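Numbered by my numbering, the letters in the sequence shown go through residues 86 to 181 in order.
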Amino acid sequence: MASLAKEPRTSDWQIMQLTRTWIGRLFWTGAVLTFVGLLACAVLLVLLAVGDSNGATGVWGVFLVAASAWVINFVSLVALLAWRAMQETNSDNTSR
């Protein structure tokens, strides 16, 4: 017969540490995406200034991909921060 032993429960402290790790990862991902977006804008302006519309179209695509990834990253970061704040509020209420 199979063992019905329970999986060890992840402690609240471990969950908060993992959350903190993911917040850091999302923050730095956002910073890199911001840099890529700004770099793409600068290259786009240079290409438009020299009259290379084909190259500018390609760089515009890179900018759009970076911008959409930035938006998804930002929404994920806000959701994770809200979840963490809610968890901290719940743990404060249960500790009283």
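Think of the CB as a built atom: it goes at the ideal place given N, C-alpha and C, for glycine as much as any other residue. Since this is a predicted model, take the numbers as computed values, not measurements.
DSSP assignment within the region 87 to 146 yields the following whole alpha helix (DSSP H) runs of 4 residues or more, N-terminal first: 97 to 135.
Of all C-beta pairs linking the region 104 to 123 to the region 147 to 159, three or more are shorter than 8 Å, placing the two stretches in contact. With respect to the 8 Å criterion, Val144 and Leu132 are classified as neighbours on the basis of their beta carbons. Contact annotation: Leu165 and Leu103 have beta-carbon atoms that are not nearer than 8 Å. One thing to note: Gly109 has its Cβ no nearer than 8 Å to the Cβ of Phe159.
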